[in-house]
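One structure below.
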Amino acid sequence: MTFDPSPFAARRAQLAERMRESGGGVAVIPTAREVLRNGDSEYAYRFGSNFYYLSGFREPEATLLIIADGSQTRSVLFCREKNPEREIWDGFRHGPDGAQARFGFDECWPISELGTRLPDYLADRATVFHCIGADASEDARIVQAIEAVRSRARSGVTPPASVRDLRLLIEEMRLHKQDDELIAMRRAAQISSDAHRRAMRFARPGCFEYQVEAELMHEFLSQGAQAAAYTPIVAAGANACVLHYIENRTQLREGDLLLIDAGCEVDGYAADITRTFPVSGRFSGPQRDLYELVLAAEMAAIDKARPGQAYNAYHDAAVAVLTRGLIDLGLLAGELDTLIETKAYNRFYMHSTGHWLGLDVHDVGRYKIDGGWRPLAENQVLTVEPGLYIRPADDVPEHFWNIGIRIEDDVRVSAGEPEILSHGAPKSIADIEALMRDRH
Ligand code: GLY
Ligand code: MN
Ligand code: MN
2 MTFDPSPFAA RRAQLAERMR ESGGGVAVIP TAREVLRNGD SEYAYRFGSN
52 FYYLSGFREP EATLLIIADG SQTRSVLFCR EKNPEREIWD GFRHGPDGAQ
102 ARFGFDECWP ISELGTRLPD YLADRATVFH CIGADASEDA RIVQAIEAVR
152 SRARSGVTPP ASVRDLRLLI EEMRLHKQDD ELIAMRRAAQ ISSDAHRRAM
202 RFARPGCFEY QVEAELMHEF LSQGAQAAAY TPIVAAGANA CVLHYIENRT
252 QLREGDLLLI DAGCEVDGYA ADITRTFPVS GRFSGPQRDL YELVLAAEMA
302 AIDKARPGQA YNAYHDAAVA VLTRGLIDLG LLAGELDTLI ETKAYNRFYM
352 HSTGHWLGLD VHDVGRYKID GGWRPLAENQ VLTVEPGLYI RPADDVPEHF
402 WNIGIRIEDD VRVSAGEPEI LSHGAPKSIA DIEALMRDRH
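To convert a position in the sequence shown, counted from 1, into this note's numbering, add 1.
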């Protein structure tokens with residue numbers, strides 16, 4: 002597909018408008034660094050989310066400036082120069098001229114000139130907008146540039162009087178997904194759902210968690226996703242009770258449940274999906290009881306992912322269903338309201354029911370405003386992911402021991418019904434068992 006720079010340009014204009022509302026100035030937005038893994042091998046490169054959101058530019062070693070001064074808006078990219086020798090080794094670089102033509106920036110310069118040119122862009126601007134504290138050397142770069150302007154005071158220039166956190170402006174923008182973002186998110190969720198289906202067809206007693214992980218990665222990459230959005234959790238049996246289990250080395254046994262939390266990244270956008278299913282293809286009685294409970298909690302929570310609902314309503318809905326069910330199953334004893342109030346369920350359900358989803362898996366955006374949970378609004382995307390994790394204990398019936406279950410979907414808040422981006426991954430017991438019955 003040909004690259005369309007217009008959504009990125011529109012977001013730059015939108016950010017400039019917000020900067021203007023705050024008195025105007027310059028935003029300085031570096032992309033992510035390349036990071037060594039060991040020796041001279043690097044981790045696979047991933048651009049910075051804020052930088053990509055405003056540029057669409059994927060090369061490392063780049064910084065974007067957005068200038069909002071009076072009624073004027075300019076965007077300036079600093080990037081790597083063309084270099085025939087390096088391009089033989091590492092591949093194509095746009096170079097400043099190529100980047101300007103393709104991405105529609107007003108000016109482009111070599112990244113090697115950022116240090117000397119930045120003071121010129123900061124001179125006589127009211128404010129520098131910058132992600133304060135995200136990277137110590139970027140903090141130092143801003144301070145040095147301000148000092149460089151100050152040292153020229155006798156020539157009549159004034160340094161910025163304030164440095165403000167860019168996050169305050171950009172994170173509210175990123176929270177409300179635009180059409181091009183939703184296209185990528187739907188695709189990421191669809192590929193990830195296919196990967197979960199593939200894992201259900203593949204998993205059987207005797208195979209290893211890492212082999213299931215390989216199947217997930219096969220589906221991600223063969224459908225064109227650029228990466229896993231986070232390290233997949235493939236957790237059989239008791240491993241599912243370790244919330245961030247990523248070892249993925251255990252052999253699957255007949256009576257185990259397998260919890261898989263895995264999603265891919267498409268054009269920077271993450272999916273984050275969890276399914277839990279029996280390795281044998283059939284849920285046992287206790288597994289069924291707990292699974293039905295988590296699924297009921299998930300459905301109740303998804304029903305609260307609607308415009309105007311307070312952000313915490315979906316968590317509260319999940320907690321109410323889970324606590325009621327834990328009483329019915331003999332895992333909690335007492336009054337429903339008291340057990341909810343004292344968070345007695347925390348013993349079996351110790352995480353929250355979701356988070357914003359987007360360019361980052363745990364995406365940006367405030368959850369509270371002025372001390373109260375914010376109301377949901379259309380085109381916010383969040384995960385809904387209740388679970389139960391039952392560790393062995395004297396007061397817990399043994400047939401529930403070591404069962405860990407989570408069901409996680411990616412949901413867009415819409416004017417109509419909540420849009421479940423991850424609908425392609427089966428989650429009812431009947432659908433899971435039917436898929437697994439047909440796998441041989
Ligand atoms: N995969 C991380 C999470 O579910 O939040
Ligand atoms: Mn997850
Ligand atoms: Mn999640």
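We put the beta carbon where it would ideally sit given N, CA and C, even for glycine.
Query raised in the report: Where Ser-42 and Val-397 are concerned, what is the direct C-alpha to C-alpha distance, given to the nearest angstrom?
Result: A direct Cα-Cα distance of roughly 48 Å separates Ser-42 from Val-397.
Report task. On a CA-only basis, which of Ala-102, Ala-200, Asp-410, Pro-393 is nearest Asn-403? Give me that one, please. Result -> The shortest Cα separation from Asn-403 among Ala-102, Ala-200, Asp-410, Pro-393 belongs to Pro-393.
Query raised in the report: Does DSSP classify Ala-374 as helix, strand or coil?
Result: Note that residue 374 is Trp in the sequence shown, not Ala. Under the three-state reduction of DSSP output, Trp-374 falls in the strand class.
Query raised in the report: Which runs of the alpha helix (DSSP H) spanning at least 4 residues fall entirely within the segment 194–271, listed in chain order?
Result: Inside the segment 194–271, DSSP marks whole alpha helix (DSSP H) runs of 4 or more residues at positions 210–223, from first to last along the chain.
Requested in this report: Report the rounded CA-to-CA distance for Gln-15 versus Asp-91, giving the unit in angstroms.
Outcome: Answer to the nearest angstrom: the Cα atoms are 34 Å apart.
**Report entry** Secondary structure, beta strand (DSSP E): runs of 3+ residues fully inside the segment 156–189
**Finding:** DSSP assignment within the segment 156–189 yields the following whole beta strand (DSSP E) runs of 3 residues or more, N-terminal first: 163–166.
Query raised in the report: What is the DSSP secondary structure of Ser-42, reduced to helix, strand or coil?
Result: Note: Ser-42 maps to strand in three-state DSSP.
Report task. Return the chain-ordered ranges of every alpha helix (DSSP H) run that is complete within the segment 37–125 and spans a minimum of 4 residues. Result -> List check, alpha helix (DSSP H) in window: 50–56, 85–91, 96–104, 115–123.
Report task. Determine, using beta carbons only, whether Ala-298 and Gly-326 come nearer to each other than 9 Å. Result -> Result yes, Cβ atoms of Ala-298 and Gly-326 sit closer than 9 Å.
Query - Where Gly-31 falls: helix, strand or coil (DSSP) - result: Per the sequence shown, residue 31 should be read as Pro rather than Gly. Residue state, collapsed to three classes: strand.
Report task. Consider the Cβ of Ala-301: report whether some Cβ of chain B lies at a distance smaller than 9 Å. Result -> Although the question refers to chain B, the structure presented lacks it and comprises just one protein chain.
Requested in this report: Could you say which of Pro-6, Tyr-368, Leu-167 lies nearest to Leu-176 if we only look at CA atoms?
Outcome: Nearest of Pro-6, Tyr-368, Leu-167 to Leu-176, Cα basis: Tyr-368.
Query raised in the report: How close, in whole Å, do the beta carbons of Ile-421 and Tyr-292 come, if the pair is a contact with beta carbons under 8 Å?
Result: Taking a contact as a CB-CB distance under 8 Å, the pair Ile-421 and Tyr-292 does not count as one, their CB atoms being some 18 Å apart.
Query raised in the report: By how many angstroms is the C-alpha of Asp-98 removed from the C-alpha of Val-144?
Result: Roughly 29 Å separates the two Cα atoms.
Report task. Note down, in chain order, each residue of its chain lying with its Cβ closer than 6 Å to the Cβ of Leu-78, except the 5 sequence neighbours on either side. Result -> Around Leu-78: Leu-65, Ala-100, Phe-106, Cys-109.
Report task. Using DSSP bridges, identify the partner residues of Arg-407. Result -> Among the bridge pairs identified by DSSP, Arg-407 is matched with Gly-388.
Query raised in the report: Should Gly-71 be listed as close to ligand 1, given that the test is whether its C-beta is under 8 Å from any heavy atom?
Result: No, ligand 1 has no heavy atom inside 8 Å of this Cβ.
Requested in this report: Would you kindly work out how many angstroms separate the C-alpha atoms of Gly-96 and Cys-265, rounded to a whole number?
Outcome: Each residue's alpha carbon lies about 30 Å from the other.
Query raised in the report: Which parts of the segment 283–318 are runs of the alpha helix (DSSP H), unbroken and 4 residues or longer, counting only runs that do not cross its ends?
Result: Runs of the alpha helix (DSSP H) inside the segment 283–318: 286–303.
Query - Candidates Leu-259, Ala-345, Lys-305, Leu-115, of which the one nearest Ile-433 by Cα - result: By alpha-carbon distance to Ile-433, the top candidate from Leu-259, Ala-345, Lys-305, Leu-115 is Leu-259.
Query raised in the report: Sorted by chain position, which residues of the same chain lie with C-beta nearer than 6 Å to Thr-232's C-beta, five sequence neighbours on each side aside?
Result: Cβ neighbours of Thr-232 beyond the five flanking positions: Ile-247.
Requested in this report: Could you check which residue in Phe-349, Glu-386, Arg-375 has the C-alpha nearest to that of His-356?
Outcome: It is Glu-386 whose Cα lies nearest to the Cα of His-356.
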